[in-house]
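Participant: Chains as they are written, first to last, in the working numbering: chain Y, 13 to 100; chain C, 13 to 100; chain B, 106 to 854; chain X, 70 to 313.
Have a look at the structure that comes next, please.
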Amino acid sequence: MARVVVDVMLKPEILDPQGQAVQRALPRLGFEGIADVRQGKRFELEVEGPVDEAALARIHEMAETFLANTVIEDFVVKVESDPAKAES
Amino acid sequence: MARVVVDVMLKPEILDPQGQAVQRALPRLGFEGIADVRQGKRFELEVEGPVDEAALARIHEMAETFLANTVIEDFVVKVESDPAKAES
Amino acid sequence: MTLDTVKHATETPDAEQPWAELGLKKDEYERIREILDRRPTGAELAMYSVMWSEHCSYKSSKVHLKQFGEKAPESDALLVGIGENAGVVDVGQGYAVTFKVESHNHPSYIEPYQGAATGVGGIVRDILAMGARPVAVVDPLRFGAADHPDTKRVLPGVVAGIGGYGNCLGLPNIGGEVVFDPCYQGNPLVNAGCIGVMKHEDIHLAKASGPGNKVILYGARTGGDGIGGVSVLASETFESTGPAKRPAVQVGDPFQEKLLIECTLEIFKENLVAGIQDLGGAGLSCATSELASAGSGGMRVELDTVPLRDATLSPEEILMSESQERMCAIVEPQHVDRFMAICEKWDVIATVIGEVTEGERLEIFWHGEQIVDVPPRTVAHEGPVYHRPYARPEWQDALQADDAAKLPRPKSADELRAQVLKVVGSPNQASKAWITDQYDRFVQGNTVLAQPEDAGMVRIDEESNLGVAMATDGNGRYAKLDPYTGAQLALAEAYRNVAASGARPLAISDCLNFGSPEDPGVMWQFAEATRGLADGCQELGTPVTGGNVSLYNQTGETAIHPTPVVAVLGVIDDVTRRTPIAFAEAGQLLYLLGDTKEEFGGSAWSDVVHGHLGGLPPAVDLDREKLLAEILISASRDGMIDAAHDLSDGGLVQAVVESCLRGGAGARLVVPDGLSAFTFLFSESAGRAVVAVPRSEELRFTDMCGARGLPATRIGVVDGEEVEVQGEFRIPLAELRTAHEEAIPGLLA
Amino acid sequence: MTARPSPATTPDQGPSGRGNIRVGVVTFPGTLDDRDTLRAVRIAGAEPVPLWHRDKDLKQVDAVVLPGGFSYGDYLRAGAISRFSPLMETVIDQARAGMPVLGICNGFQVLTETHLLPGAMLRNNHLHFICRDQKLRVETSETAWTSDYAAGQEISIPLKNIDGRYVADERTLDELEAEGRVVFRYLDMNPNGSLRDIAGITNEAGNVVGLMPHPEHAVEPLVGTGRTDGLGFFTSILKKLVNA
Ligand SMILES: Nc1ncnc2c1ncn2[C@@H]1O[C@H](COP(=O)(O)OP(=O)(O)O)[C@@H](O)[C@H]1O
Ligand SMILES: [Mg+2]
């Protein structure tokens, strides 16, 4: 089964109170040098069948109409090449 | 400024009602063929200065102690090669 | 693009300006040129256009709203009347209460969660700006048909937004309404109200006086939120702009607002502000011009000192931005340091952005260059006034002639029983617990009554047990049949609800939700409703302390039902005397207070059973409402009743079922002489309540009613585990509970 | 139904040697129930002491309550940011040294984030905020905050949260059960999907207790749900400290 990831982030002009709260906390925790933090959502979809053009088009539509609220959010659809974790 | 992304997902054994709610809604919206959905968080950090080993180590520590609660969550730290959106 | 300074505007008198795109009419633009004796700069044009929008200037409604002042009843309680952020009433023991209801209808349709959330945020800041600690919120809501797919999008989002914001602020939600009707399909109504408490000496007003005093902007940074939102969202139907041009919606940060509340209250406590205003619609344009206009008139602002979230914003955009969670204070120079220290304590960003000046001009500068030079009164208080034509719609007669009395009534006891179950389980009459359980009603530890009681009630003094109560009501179906009477019925119902809880009604706020004022029929509805409300308030002795008008609630040519929502505030000297709705004690006697007539126009029964809307709404008798209220309040104070529930939509049977389910006890009812069982159960005659009287108090209670001339009919007794109408039917409580409580989750969960 | 004994009268000498028993209540930015908790402490007969998150000093209190609310807006994770406040450093040290600490709702979330209590709190399984009168069983009276209840006693107190689903791995759960550290369990219905119906737990020493429902909202018959089942938390600590 293939994994497709949809990343949903608030549009840059939209206030992100969560990201702000995280950023403001960092110096107190001793982490300097982070100029900005934005917090969004990550959806991992396990897709049955081949992840071809048609499937991606459907997922794109799903993201647009359902996973993201395009009034305030942008999204990106990515096919995860290697579902194994990159780090950690 | 370089962007580092931290993806935080619930550990596989932890129930993810948000992902489940999404998955259950999909067929009703006419989207078939998605076997599983997990919903997590994505943090985009704008890092001042070079993103070298040392910076990544610090961000890793930040993720481990703060951005993720490792009792319930796993995380992955990635340097975003091209901050331009891949699609959408 | 070069900066459009005042100098530049003077030198280029003929430059084209987008006044039409900003929603101004030709004559309005001409008037601005006249006032300034030159063309406005871009920044000035932005300010005038947004402040002269329907939403901010009340240009269509003003001539009618005037009556609230002109017909205002004598009231010792009124401390601050219409015109401030919210009205203030005296509730005794040195306490003052401020309250107001506002709409956030259009934003909530586009983005239900954020639209509703920021609606709560806005009204809370209004209350805070008066000097009060916010102590409770209410949320009168209206949605399209309960089974319409879009309602599944809008309602859960709105409810989550109201809860998400209000819960995070720590404000108990103590009341509101949820009404479904297809007329609200493309135009849900999201009204939000807030109550605040302070001591008399803490009342603050929105005015800037004292040259040399500093103008401090504090709270969130300014971003690109909702730029033009006020004029576009609230003044025009969004069809006309189309989804592509939807302006950015505002996103709320309740955490920031909570800090703003605590920080502001601490600032008040140390007496550090000379004037204060919240930032809501029209952002800085509104706050600076209103503060200056209400004060001595002069103010100078350095706009480039405003802390920004988005460095690319133009000065016009900064003036228009509706970024949430911001306040503007006028502070004497010697208090500035202390003011800043308190903001720092609460992690709130505060910046001196200007000062009060000698003159009578509002002057705004951008990097040293002047971009605004206006008389603030012309922006804030002397906007256009329209005398819009209005006319009774042609269809009104036919609608009123279509009498609900002609509808077929149940022919058997079985049919009557089935209709009772159908009505109490219909979306409008069903339990709203699925919704209200998403709101915190316990926080602050002072909630005496909350949903599903007749009125919400909070204690405001722990020693003396002084409390206040609030109920909000509005029945668009009644108002559609007759807007004058409909508005009075909304008032009467909220008034009755407050009295039923044991509190004495003091004053009201309102939120007037109507279609397009450019439609003479809608304008007639508006004129009739305001006239009805003003007359009603005069008779009941409850002044209008403030409110809000929301127009253009329509989809294409079709307007919503005229929907005046009325919030009545009451006071109770000792909250231990409050009257709940629950029938709990077997053996207590049930009395019906008031007269029951053949009144089914606009009723729940006509809607649920026949899908019918026609005829006349129930008649209003405000003297009777007053008498009923006096009896309910005396009975509560003197311990003569253990429960009371007002009768409104759904009639007696609805009230009895709710009281039985609340208390977990059944009732045995006897149809009084002269009434059919059907009329007894479903009539919606106004001026009525049902009460539970302990046997030991019966004589005292009926004597009191008799002496004061209020009809009181013994209709049964609290008993058993079913609702029985003798000679007609019985329905077990469990069956009623299922019908009543599972309807909404079944539709929405 | 109420806790067995009635509220204790104010003792004249507390262990701090300063007269009254002093119970501190912490305010973080976004804390909501601090004033209610101070009131509950007072009604129980102890001296309520407000504590501020930026201070390191506990003002010689004998016990600390971390009250409910949305500290830091519940951003990131409920309790995640508050945990790093200066005051919490002192609270963590003192808790390890045996000082009684009670975390209510958001306070419980802070306690799990600090790892003073095991497990974590997640979004309710139905994804909604829920506010209701919740029935609980007090599983043990062997903690600093439940000694005034009988083991097995059923109480009803308000519950109100959106991130109230308690989770921990199986081993931890088994351990909690085996050591009698599940202090409260939901009865009648599990309002949020908490594993094993757990509503509250304690640490090994029994001095640190966390729970999701709100005892401080159930201390007066007049307001809230009209019950006083929550008063026992505050009388428990008072007696424990008086007898200490
Ligand atoms: N329907 C109404 N009834 C009474 N007063 C109203 C009504 N609509 C608006 N007002 C009053 O007009 C003034 C301006 O209203 P509004 O613009 O909503 O205030 P704000 O600027 O605080 O949002 C307020 O004092 C408000 O109470
Ligand atoms: Mg205002």
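We put the CB at the ideal spot given by N, CA and C, even for glycine.
Every value quoted in this text rests on a predicted model; they were computed, and no experiment measured them.
Please report the Cβ distance between P610 of chain B and G652 of chain B, rounded to the nearest whole angstrom; I am assuming they are in contact, meaning their Cβ atoms lie under 8 Å.
Facilitator: As a first step, residue 610 of chain B must be located in the third sequence, where it is residue number 505. As a first step, residue 652 of chain B must be located in the third sequence, where it is residue number 547. 16 Å between Cβ atoms; not a contact.
Participant: Report yes or no: is there a C-beta of chain Y within less than 7 Å of the C-beta of L853 of chain B?
Facilitator: Taking the third sequence and counting its residues from 1, one reaches residue 853 of chain B at position 748. Chain Y, which has no Cβ nearer than 7 Å to the Cβ of L853 of chain B, makes this no.
Participant: Between B:R482, B:G402, B:P494 and B:W471, which has its C-alpha nearest G464 of chain B's C-alpha?
Facilitator: One-based indexing of the third sequence puts residue 464 of chain B at position 359. Of B:R482, B:G402, B:P494 and B:W471, the residue nearest in Cα terms is B:G402.
Participant: Would DSSP call I46 of chain C helix, strand or coil?
Facilitator: To locate residue 46 of chain C, count along the second sequence from 1; it is residue 34. Strand, per DSSP.
Participant: So with CB distances below 9 Å, who are the chain C contacts of R36 of chain Y?
Facilitator: One-based indexing of the first sequence puts residue 36 of chain Y at position 24. In chain order: nothing, as chain C lies at least about 12 Å away.
Participant: Going by Cα to Cα distance, which pick from B:V563, B:A120 and B:H472 is closest to D603 of chain B?
Facilitator: What you label residue 603 of chain B is simply residue 498 of the third sequence in a count that begins at 1. The question names Asp, but residue 603 of chain B in the sequence shown is Val. Among B:V563, B:A120 and B:H472, the Cα nearest to that of V603 of chain B is on B:V563.
Participant: Kindly indicate if chain C contains any beta-carbon less than 7 Å away from that of L196 of chain X.
Facilitator: Residue 196 of chain X sits at position 127 when you count from the first residue of the fourth sequence. Taking Cβ atoms only, chain C reaches closer than 7 Å to L196 of chain X, which makes this a yes.
Participant: Strictly below 9 Å CB to CB, what residues from chain Y border G40 of chain X?
Facilitator: Because chain X is modelled from 70 through 313, residue 40 of chain X falls outside the range shown and cannot be assessed.
Participant: Exposed or buried, which one is M13 of chain C when buried takes at least 16 other CB atoms within 10 Å?
Facilitator: Residue mapping note: residue 13 of chain C aligns to position 1 of the second sequence, counting from 1. Counting Cβ neighbours within 10 Å, M13 of chain C comes out exposed, since fewer than 16 surround it.
Participant: What does E182 of chain X reach in chain C if we use C-beta pairs closer than 8 Å?
Facilitator: Translated into positions along the fourth sequence, residue 182 of chain X becomes position 113. The answer, in chain order, is N81.
Participant: Does any heavy atom of ligand 4 sit closer than 6 Å to the C-beta of S225 of chain X?
Facilitator: By its list of ligands, the structure shown excludes ligand 4, since it contains just ligand 1 and ligand 2.
Participant: Leaving aside the five residues before and after T369 of chain B along the sequence, list all residues of the same chain whose C-beta is less than 7 Å from its C-beta, in chain order.
Facilitator: Working through the third sequence from its first residue, we reach residue 369 of chain B at position 264. If we look at T369 of chain B and ignore the five residues flanking it on each side, its Cβ neighbours are L233 and M432.
Participant: Taking Cβ positions only, does D307 of chain B come closer than 7 Å to chain X?
Facilitator: Against the third sequence, residue 307 of chain B aligns to sequence position 202. Answer no: the Cβ-Cβ gap between D307 of chain B and chain X never drops below 7 Å.
Participant: Could you work out which residues of chain X lie near S680 of chain B, taking near to mean beta carbons separated by less than 7 Å?
Facilitator: Taking the third sequence and counting its residues from 1, the one referred to as residue 680 of chain B is at position 575. The sequence given here places Val at residue 680 of chain B; Ser does not occur at that position. In chain order: L291.
Participant: What does the Cβ neighbour count give for H440 of chain B, buried or exposed, with the cut at 16 atoms within 10 Å?
Facilitator: Here the question's residue 440 of chain B lines up with position 335 in the third sequence. So H440 of chain B counts as buried.
Participant: Between V263 of chain B and V295 of chain B, is the Cβ-Cβ spacing less than 7 Å?
Facilitator: Locating residue 263 of chain B in the third sequence gives position 158, counting from the first residue. Locating residue 295 of chain B in the third sequence gives position 190, counting from the first residue. It is a contact, given that the beta carbons lie within the stated cut-off.
Participant: Please name the residues in the region 58-91 of chain C whose beta-carbon is closer than 8 Å to at least one beta-carbon of chain X, in chain order.
Facilitator: F78, L79, N81, V83 and I84
Participant: Distance check for G31 of chain C and P557 of chain B, CA to CA, integer angstroms please.
Facilitator: If you number the third sequence from 1, residue 557 of chain B lands on position 452. If you number the second sequence from 1, residue 31 of chain C lands on position 19. Each residue's Cα considered, the two are about 33 Å apart.
Participant: Could you name each continuous beta strand (DSSP E) segment of 3 residues or more that falls completely within the region 749-824 of chain B, going from the start of the chain to the end?
Facilitator: 772-774, 794-798 and 817-823
Participant: For L22 of chain Y, decide whether its Cβ has a neighbour in chain X, counting only Cβ atoms nearer than 7 Å.
Facilitator: For the purposes of this step, residue 22 of chain Y is taken as residue 10 along the first sequence, with counting starting at 1. No, because no Cβ of chain X sits closer than 7 Å to the Cβ of L22 of chain Y.
Participant: Looking at the unbroken alpha helix (DSSP H) that takes in A597 of chain B, where does it start and where does it end?
Facilitator: Translated into positions along the third sequence, residue 597 of chain B becomes position 492. P588 to A605 is the extent of the alpha helix (DSSP H) around A597 of chain B.
Participant: Would you list, in chain order, the members of the region 43-57 of chain Y that have their beta-carbon closer than 7 Å to a beta-carbon of chain C?
Facilitator: F43, G45, I46, A47, D48, V49, R50, Q51, G52, K53, R54, F55, E56 and L57
Participant: So which residues on chain C does L191 of chain X lean against when the C-beta distance must stay under 9 Å?
Facilitator: Your numbering for residue 191 of chain X matches position 122 in the fourth sequence. Chain C residues near L191 of chain X: L22, I26, L27, D28, P29 and I84.
Participant: Are the beta-carbon atoms belonging to R143 of chain B and A114 of chain B less than 7 Å from one another?
Facilitator: Along the third sequence, one-based indexing puts residue 143 of chain B at 38. Along the third sequence, one-based indexing puts residue 114 of chain B at 9. Yes. Within cutoff.
Participant: Using beta carbons (cut-off 7 Å, strictly below), is D358 of chain B in contact with chain Y?
Facilitator: Stepping through the third sequence from its first residue, residue 358 of chain B is reached at position 253. Yes - at least one Cβ of chain Y is within 7 Å of the one on D358 of chain B.
Participant: Count the other CB atoms, across all protein chains shown, that sit within 10 Å of the CB of L645 of chain B; report buried if there are 16 or more and exposed otherwise.
Facilitator: In the third sequence, the residue the question calls residue 645 of chain B occupies position 540. Classification for L645 of chain B: buried.
Participant: Answer yes or no: do A709 of chain B and T577 of chain B have a C-beta to C-beta separation smaller than 7 Å?
Facilitator: To locate residue 709 of chain B, count along the third sequence from 1; it is residue 604. To locate residue 577 of chain B, count along the third sequence from 1; it is residue 472. Contact flag unset, no.
Participant: Roughly how many angstroms separate the alpha carbons of A237 of chain B and C273 of chain B, rounded to a whole number?
Facilitator: Residue 237 of chain B sits at position 132 when you count from the first residue of the third sequence. Residue 273 of chain B sits at position 168 when you count from the first residue of the third sequence. Going by the C-alpha atoms only, they are around 18 Å apart.
Participant: Return the Cβ separation of W539 of chain B and A250 of chain B in integer angstroms, given the expectation that the two are a contact with Cβ distance under 8 Å.
Facilitator: Taking the third sequence and counting its residues from 1, the one referred to as residue 539 of chain B is at position 434. Taking the third sequence and counting its residues from 1, the one referred to as residue 250 of chain B is at position 145. The pair is not a contact, with the Cβ atoms about 17 Å apart (cut-off 8 Å).
Participant: Under 7 Å, Cβ to Cβ, is there at least one residue of chain X near S336 of chain B?
Facilitator: As a first step, residue 336 of chain B is located in the third sequence; it is residue number 231 there, counting from the start. Unreliable positioning characterises S336 of chain B in this predicted model, as indicated by a pLDDT of 35, which lies under 50. A coordinate reading is not provided.
Participant: Starting from the beta carbon of L145 of chain X, find every residue of chain Y whose beta carbon is closer than 9 Å, and list them in chain order.
Facilitator: On the fourth sequence, residue 145 of chain X is found 76 positions in, with the first residue counted as 1. Among the residues of chain Y, those whose CB is under 9 Å from the CB of L145 of chain X are Q30, A33, V34, A37 and Q51, following chain order.
Participant: Kindly indicate which residue of C:V89, C:T82, C:N81 and C:A69 has the alpha-carbon position closest to the one of F43 of chain Y.
Facilitator: Numbered from its first residue, the first sequence carries residue 43 of chain Y at position 31. When each option's Cα is compared against that of F43 of chain Y, the closest is C:A69.
Participant: Is D105 of chain X close to chain B? Criterion is C-beta to C-beta, closer than 7 Å.
Facilitator: Within the fourth sequence, the letter at position 36 stands for residue 105 of chain X. It does: the Cβ of D105 of chain X has a partner Cβ on chain B nearer than 7 Å.
Participant: Going by beta-carbon coordinates alone, are G174 of chain B and A222 of chain B separated by less than 7 Å?
Facilitator: If you number the third sequence from 1, residue 174 of chain B lands on position 69. If you number the third sequence from 1, residue 222 of chain B lands on position 117. Against a cut-off of 7 Å, the Cβ pair of A222 of chain B and G174 of chain B comes out as no contact.
Participant: In the DSSP assignment, find the unbroken alpha helix (DSSP H) run with Y144 of chain X in it and report its ends.
Facilitator: Taking the first residue of the fourth sequence as 1, we reach residue 144 of chain X at position 75. Where Y144 of chain X is concerned, there is no enclosing alpha helix (DSSP H), given that its DSSP letter is neither H nor E.
Participant: Given this structure, state the Cα-to-Cα distance separating S517 of chain B from A839 of chain B, to the nearest angstrom.
Facilitator: Taking the first residue of the third sequence as 1, we reach residue 517 of chain B at position 412. Taking the first residue of the third sequence as 1, we reach residue 839 of chain B at position 734. Rounded to the nearest angstrom, the two C-alpha atoms are 23 Å apart.
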